[in-house]
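Note that the protein sequences, when read in sequence, are chains L and R.
The opening residue of the first sequence carries number 177 in the numbering used here; numbering runs sequentially from there.
The opening residue of the second sequence carries number 19 in the numbering used here; numbering runs sequentially from there.
Glycine included, C-beta positions come from ideal geometry on N, C-alpha and C.
Step one of this worksheet: look at the structure below.
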Amino acid sequence: MLFQRDGRLTRDLVRSPGGFGLGQLPTRLKPDATTDMVCGYCSTGCGLTIHLKRGQAVGLTPAADHPVNRGMACPKGWEALTVLEADDRATEPLLRDADGTLRAVTWDTAMRALVEQFQRIQSSHSPDAVAFLSTGQMPTEEMALLGALTKFGMGLVNGDGNTRQCMATTVVAYKQAFGFDAPPYTYRDFEESDVIVLVGSNLCIAHPIMWERIVRNPHKPAIVAIDPRATETAMQATQHVPLQPKSDQALFYGLARLLIERNWVDREYIEAHTRNFDDVASAVEPFTLDRVTDTTGVPTAAIEQLATTIHNGQRVSFWWTMGVNQSYQGVRTAQSIINVALMTGNIGRPGTGANSITGQCNAMGSRLFSNTTNLLGGHEFGNPDHRTKVAKELQIDPGAIPTRDGAAYHEIIEGILRGSIKGLWVIATNTAHSWINQQHVLDVLDRLDFLVVQDMYHSTETAQIADLVLPAAAWGEKEGTFINSERRIGLVKKVGRAPGQALSDFAIFKLVAEYWGCAEMFREWESPEAVFQILKRLSRGQPCDFTGITDYGMLDKHAGIQWPYPDGSPAIKDTPERRLFEDGRFYHQDGRARFVYEDPRPMPEPPTRRYPLVLLTGRGTASQWHTQTRTRHSGVLRKLYPEDIYVEINPTDAADLGIRPNSQVTVESRRGRLVARAFVTRSVQPGHLFVPMHYAETNQLTDAVFDPYSKQPSYKACAVKLSAVPG
Amino acid sequence: MMPTTPSGQPLALIDHYLREQAQLTAVDRFARTHDTVEAPAHTGRYSSLLPATPPGEGQQYAFEVDLDACSGCKACVVACHALNGLEKKESWRDVGLLHGGSQSLPVLQHVTTACHHCLDPACLHACPVDAYEKDAVTGLVTHLDDQCFGCQYCTLACPYDAPKYSRAKGIVRKCDMCRDRLADGEAPGCVQACPSGAIAIRVVDTAQVIEESETNLFVPGAPEPRLTLPTTTYRSKRALPRNMLPADFHAVHPERAHGSLILMLTLTQLSAGAFLIDRILELFVPVSLVANIRPMHGASALVFGLVALAGSALHLGRPRYAFRAVIGLRHSWLSREIVAFGLFAGLAMVYAAWTWMALRPGPAAGSAPGWLGWTVALAGIVGVGCSVMVYAYTKRDFWNGWSTGFKFLMSTLVLGLATVWLSLMLATMAGNSEASRATVARYGTLLCQSLMLAAVVKLVVEAALFRHLAARHTTSLKRSALLMSGALAPVTMARFAAGLLGGLVMPGFLLLTRLPSSQAHGQDLVFIVLVAMLFTACLAGELLERYLFFTAVASPTMPGSL
């Protein structure tokens, strides 16, 4: 009684060997089986070993021998299962009644309502009056079914994904430069480079496991971080280039000029494998060091140092993320990076490449198979041969395939505003939080006749204003495949039960097909794995050909397989990690890559006297994911980031405006205002502010301008003013 | 595989999909057969992060953090949570952020921290039930979860916020460096999980830990290492700029209030004060007068004392094990406090009973002996002294020995005096109006003046804290002053208002209106109201002061995050 060494509380923490190669685990969580699957957050595509007890997940550890993450995971991955259990999981269909209240209904009622409302809108307006907004978070098979169902079965033309918010820029940049949307690298390149140039990418926070691969680089690489902020990644870099926002394109044109001027380019490679070099060489002529220094704010010596580093590198790789993509001129900026990689011959060899790091877990699947910006399998809607090919593979009437691309995300939003779009189906994304210039979006969504939200939570900002909420099963509660940043197709498995009546998105789409009356068209689309076989056929002959992958079993065995993997490819064990363009042949008809140039444009909303500061947005911590619909459900993740919105302010600006550290401040743009806590820090430059994107308020400030080619929103920079909240 | 479902049967299809959704397929289709792989697959990767040999004489295990490698992903925090099967928000590791540098060279530095497995662990010395052990061979500071009774004193004593209290379980738990993993040649959870290999386990020489603690170079923003001799090494090849500040440096958050401790401290001091004043009064006032109010006084003092002790038991996560507190007597001030007040309560009960017996007519009864009264008062004062040391031991500036001692002693006096007035009032109401009126008439002025003096001196000293607002540096006392004048300002105002009302205004009224010639007959309603207000205001004022004592303290801790 007086002294107790053992008992219930002590036993609660007892660890014992977990078996299955896992090492010690809490005894009460010892699994009776394990299985590996790919994580459902970001595009890194880490392998997670799921610990199972009677078929159900009880825990997870990062997969020890996985080719992507090699036994590591970021906080989100570790907590991937926790967020599935939440009070606000959608468990039954909800339909808004005459009083305006969302009430539980049966699936039958829900399906009838969806079909009735959408068909009514289509008949009283036009088939185009219904649109969908989808996601980069669903398995490829579900995306493909949604895309085929809506566009071939329901007669919709307009549908887009939230991938528009992150990857559209790279898609266009790659298509124009390489002839196909094809990130050329494999993660091993992180380990093989001797120079790593990161542009607008806070890898340490946004992609911690890719950073892990850099940590494993044995060559002591030079690491250059090009970012207006002194981020965690900039801290780890050997050179930080703190340029002015949106001046990266000028910087890379200046670099190109310097490399050409000093004859630090690979003439042989340029001759053999590219086109338009001379045009671009003369176009960048005016980007003298002085001019670039003037535009970027980066000292001449630092630019020269960067050029020298690139020149001295034997294997130079360039990597970019949202700092480049989310820009009003993102496509050309990405291509200015691609230009430098091409002209220095840094592509197609180990440790090289012009490499875009993707955002969401299946953005790459969406890029190929969502049937939105391109026809299933990287084909084109406008190309009759492609339509015939796809129709044949799907055994459908080619006439059922739209002949033009659908509207982009912002065009759908504008369509609603103009009244040409009356019905919207939002799947696994949170438009009311994440879309740029949020005040406006709420007003726009309010104009819809019928808004359907299909999500795993009924609590998202968008679900709250829906007319119909369809409860969806989550990652880990269904099967399918994701494609990661290095083109690796990985498997998602069913290791947990969806709550209540929630169904996989796949089953929901099949039900819609049934109620819509077009189920016959999807007879072969029986299960996700059956769809995988269909997608394989569609990929045949495309750069993304993966006809050599037998089935899910083969994907499972090899911890995912990178495309391309056409029929008759060598065994995976001989080529575990593969990069593109090793033979110098690109996907354009002539096999040559293109240099692309366009004059940089000034920021659409430069700072003025009234709005004198530039607001930067981005990822806050490795523990937060996008609009936090999932990450906020993990108690331990919530401990790792500030609950409430904060703004980073340089001490100089804080002093000028009389702002005390940790006090409340107002940040105001021409579109809206928010109140946030001041974090006074030198990680932002004077004249800049930084607010993380995860907080709902952030997008009340951002400015709805878009890249003209990719139509991706320019979230990263707009003009704001700052003031202390009195009291 | 799903059977082909014909069209035209949507309801059947819904049922089909709902059934299918409920089936778990991963095991049947993909479960891995690991029969041959029982050994951990990770070990090779982290072997360089573990010590080659166990600690020898004069050595122990310690964490080593490579600050240069840490990129701030915080996977260590989550892995600790997951690999140890902890509660929803529980993790034994935290990550803070330091920032500073110049505009041309800004610096961010994340700092991961867990238990430092100190050479001289404050948690272990503070624990009243000996629930902490320091392993003789490994040096690991471990916690016996079933021995813990949830007093949470270790969470106040540890300068590094290492022990974590679980409200659900009613106990504290903490990092044990995954000692059974270490014993099996596996790495602790955080070490396994760090993508950058920034956390390692090393063997350190205790002599060197002591030597290094002299220089006060642990990690910027952390409490001085000489307090507990933490063994973690933070190493970096870069010299951190001198202006590195924790990201939460300017954040001032009220700490937890600990309601039951507020009640316990205030009321034990009231009770001890009441018994003490009773003794002192006897030195001045004729026994015949005192004897009449003594039963009432003893009873009320006792009742408050018992409420205090019941309240303090409620503070425990597992109050049924309160008796275990006796075993830490040799080293734990909390243990001593509990024992002293236990003794005090026992003696006070005997004493109070005696005074009531004395009232009963009959030959057996006699007045309670003076030595017993003094023993009760002495036990009370010893208890209050232990209370002072409980907080002084935590080395927080706001709780330093002198200031805490002054506060607790003055509360004892103020509340003791207020309770004398309460007893006089109760005696009046109970019909002993003659005696109490006589006491008031002869000694009221002295009682009023002492109360006013004690109360005002105490308020002035408390208010003196605000001089720290002018300090150039954000010292911990300035933080307390900022809190009291900022987030806690309403409480502060209420505290001073109540203190002035009960300690100055009401006694002043009594002096002016009721003294020296109290002529009222029978039950003097005005007198009752005045005294009731005096006592209530004094008690409320001291409770609020104690609320601020807990909430406005600046706790030392490792650098925090935003």
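*Comparing the C-beta of L/Ala406 with each C-beta of chain R, is any distance below 8 Å?*
Residue 406 of chain L sits at position 230 when you count from the first residue of the first sequence. It does: the Cβ of L/Ala406 has a partner Cβ on chain R nearer than 8 Å.
_Taking the straight line between their C-alpha atoms, what separation do you get for R/Asp153 and R/Thr160?_
If you number the second sequence from 1, residue 153 of chain R lands on position 135. If you number the second sequence from 1, residue 160 of chain R lands on position 142. Whole-angstrom Cα-Cα distance: 8 Å.
*Pull up the CB-CB distance for L/Asp357 and L/Val373, whole angstroms please, since I reckon it's below 8 Å.*
As a first step, residue 357 of chain L is located in the first sequence; it is residue number 181 there, counting from the start. As a first step, residue 373 of chain L is located in the first sequence; it is residue number 197 there, counting from the start. Between L/Val373 and L/Asp357 the Cβ distance is about 22 Å, and since that is not below 8 Å, they are no contact.
*asked:* So with CB distances below 8 Å, who are the chain R contacts of L/Thr412?
replied: The residue you call residue 412 of chain L lines up with position 236 of the first sequence. For the record, residue 412 of chain L in the displayed sequence is Gln; it is not Thr. Here the neighbours are Ser89.
*asked:* Pull the bridge partners of R/Ser184 from the DSSP assignment, please.
replied: On the second sequence, position 166 is the one that residue 184 of chain R refers to. In DSSP, R/Ser184 forms a bridge with R/Ile189.
*asked:* On the criterion of 16 or more Cβ atoms from any shown chain inside 10 Å, does L/His383 qualify as buried, or is it exposed?
replied: In the first sequence, residue 383 of chain L corresponds to position 207, counting from 1. With 16 or more Cβ atoms within 10 Å of its Cβ, L/His383 is classed as buried.
*Quick one: which chain L residues come within Cβ less than 7 Å of R/Ala269?*
Sequence index remark: in the second sequence, residue 269 of chain R carries index 251 (1-based). Going along chain L in sequence order, the residues near R/Ala269 (Cβ under 7 Å) are Asn838.
*For L/Arg664, which of L/Ala608, L/Ala695, L/Trp739, L/Gln412 has the nearest alpha-carbon?*
The residue you call residue 664 of chain L lines up with position 488 of the first sequence. For the residues L/Ala608, L/Ala695, L/Trp739, L/Gln412, the minimum Cα distance to L/Arg664 belongs to L/Trp739.
_Rounded separation between R/Gly280 and R/Met551 - CA only_ = Reading the second sequence from its first residue, position 262 is the one you call residue 280 of chain R. Reading the second sequence from its first residue, position 533 is the one you call residue 551 of chain R. The amino acid at residue 280 of chain R is misidentified as Gly; the sequence shows Ile. Rounded to whole angstroms, R/Ile280 to R/Met551 spans 21 Å at the Cα level.
*L/Gly672 vs L/Leu332 beta-carbon contact at 8 Å*: Taking the first residue of the first sequence as 1, we reach residue 672 of chain L at position 496. Taking the first residue of the first sequence as 1, we reach residue 332 of chain L at position 156. No, Cβ-Cβ distance for L/Gly672 and L/Leu332 is not below 8 Å.
*Just to confirm, are L/Asp625 and L/Val500 a CB contact at a threshold of 8 Å?*
In the first sequence, residue 625 of chain L corresponds to position 449, counting from 1. In the first sequence, residue 500 of chain L corresponds to position 324, counting from 1. No, the Cβ-Cβ distance between L/Asp625 and L/Val500 is not below 8 Å.
*Say yes only if the C-beta of R/Arg253 is nearer than 7 Å to one or more non-hydrogen atoms of the ligand SAH, and no if none qualify.*
For the ligand SAH, the structure offers nothing, since it holds no ligand at all.
*Where does L/Tyr822 fall in DSSP's three states?*
Residue 822 of chain L sits at position 646 when you count from the first residue of the first sequence. Looking at L/Tyr822 - three-state DSSP - the assignment turns out to be strand.
*asked:* Let's see if you can read the secondary structure: which residues bound the alpha helix (DSSP H) around L/Glu268?
replied: Taking the first sequence and counting its residues from 1, one reaches residue 268 of chain L at position 92. Careful: L/Glu268 lies outside any alpha helix (DSSP H) and carries neither H nor E.
*Would you call L/Gln420 buried or exposed, if buried means 16 or more other Cβ atoms sit within 10 Å of its Cβ?*
Taking the first sequence and counting its residues from 1, the one referred to as residue 420 of chain L is at position 244. Buried, because 16 or more other Cβ atoms sit within 10 Å of the Cβ of L/Gln420.
_Among L/Thr211, L/Val617, L/Asn245, the one whose alpha carbon lies nearest that of L/Tyr363_ = As a working mapping, residue 363 of chain L is identified with position 187 in the first sequence. The shortest Cα separation from L/Tyr363 among L/Thr211, L/Val617, L/Asn245 belongs to L/Asn245.
*asked:* Please tell me whether R/Asp163 has its Cβ less than 8 Å away from any Cβ of chain L.
replied: Position 145 of the second sequence, counted from the first residue, corresponds to residue 163 of chain R. Chain L contact via Cβ: present.
*With 9 Å as the limit, tell me which residues of the stretch 865–892 of chain L have their beta carbon closer than that to any beta carbon of chain R; keep them in chain order.*
none
*asked:* Using the Cβ count rule (16 or more neighbours within 10 Å means buried), how would you classify L/Thr636?
replied: Your numbering for residue 636 of chain L matches position 460 in the first sequence. Per the 10 Å Cβ criterion, buried.
_By alpha-carbon positions, which one of R/Asn261, R/Asp164, R/Asp84 ends up nearest to R/Ser214?_
Within the second sequence, residue 214 of chain R is the residue found at index 196, counting from 1. The shortest Cα separation from R/Ser214 among R/Asn261, R/Asp164, R/Asp84 belongs to R/Asp84.
*Are the beta-carbon atoms belonging to L/Asp681 and L/Ala266 less than 8 Å from one another?*
As a working mapping, residue 681 of chain L is identified with position 505 in the first sequence. As a working mapping, residue 266 of chain L is identified with position 90 in the first sequence. It is not a contact, given that the beta carbons lie outside the stated cut-off.
*Quick one: any contact between the stretch 764–774 of chain L and the stretch 694–710 of chain L, if contact means 3 or more CB pairs under 8 Å?*
no
*Determine, using beta-carbon pairs with one atom in the stretch 90–108 of chain R and one in the stretch 230–244 of chain R, whether at least three such pairs fall under 8 Å.*
no
*Report the three-state DSSP secondary structure of L/Ile372 (helix, strand or coil).*
Walking along the first sequence from the start, residue 372 of chain L turns up at place 196. If DSSP states are grouped into helix, strand and coil, L/Ile372 belongs with the strands.
*For R/Ile219 versus R/Val227, is the C-beta distance shorter than 8 Å?*
Working through the second sequence from its first residue, we reach residue 219 of chain R at position 201. Working through the second sequence from its first residue, we reach residue 227 of chain R at position 209. No, Cβ-Cβ distance for R/Ile219 and R/Val227 is not below 8 Å.
_Would you say L/Arg204 lies against chain R (beta-carbon separation less than 8 Å)?_
Along the first sequence, read from residue 1 onward, the residue named residue 204 of chain L stands at position 28. Judged by the 8 Å Cβ criterion, L/Arg204 is in contact with chain R.
*Spell out whether any CB of chain A is found under 8 Å from the CB atom of L/Arg673.*
Given the protein chain composition of this structure (L and R), no chain A is represented.
*chain R contacts from the stretch 416–444 of chain L (Cβ-Cβ distance under 7 Å)*: none
*Excluding the 5 residues preceding and the 5 following L/Tyr763 in the sequence, name in chain order all residues of the same chain whose CB lies nearer than 7 Å to its CB.*
If you number the first sequence from 1, residue 763 of chain L lands on position 587. Hits under 7 Å: Phe354, Gly355, Phe356, Ala358, Pro719.
_Could you compute how far the alpha carbon of L/Ile825 sits from the alpha carbon of L/Thr203?_
Counted from its first residue, the first sequence places residue 825 of chain L at position 649. Counted from its first residue, the first sequence places residue 203 of chain L at position 27. Taking the straight line joining both Cα atoms gives about 47 Å.
*Can you tell me the Cβ-Cβ gap for L/Ala880 and L/Gly591, rounded? I've got them flagged as a contact below 8 Å.*
Indexing the first sequence from 1 puts residue 880 of chain L at position 704. Indexing the first sequence from 1 puts residue 591 of chain L at position 415. That belief does not hold up - the Cβ atoms of L/Ala880 and L/Gly591 are roughly 14 Å apart, past 8 Å.
*asked:* What does the Cβ neighbour count give for L/Asn488, buried or exposed, with the cut at 16 atoms within 10 Å?
replied: Looking up residue 488 of chain L in the first sequence gives position 312. So L/Asn488 counts as exposed.
*Under 9 Å between beta-carbons, which chain R residues line up against L/Phe179? List them in chain order, please.*
The residue labelled residue 179 of chain L in the question sits at position 3 within the first sequence. The contacting residues are Val147, Asp148, Leu162, Gln165, Arg342, Ile345.
*If you follow the alpha helix (DSSP H) that R/Leu279 is part of, which residue opens it and which one closes it?*
The residue labelled residue 279 of chain R in the question sits at position 261 within the second sequence. Where R/Leu279 is concerned, the enclosing alpha helix (DSSP H) stretches over 277–302.
*Do L/Leu679 and L/Ala649 come within 8 Å of each other at the CB atom, strictly closer than that value?*
Here residue 649 of chain L corresponds to residue number 473 of the first sequence, with the count starting at 1. Here residue 679 of chain L corresponds to residue number 503 of the first sequence, with the count starting at 1. Going by C-beta atoms, L/Ala649 is nearer than 8 Å to L/Leu679.
*Which partner residues of L/Ser192 appear in the DSSP bridge assignment?*
Counting from one through the first sequence, the residue named residue 192 of chain L turns up at place 16. The partner list for L/Ser192 (beta bridge, DSSP) reads L/Leu201.
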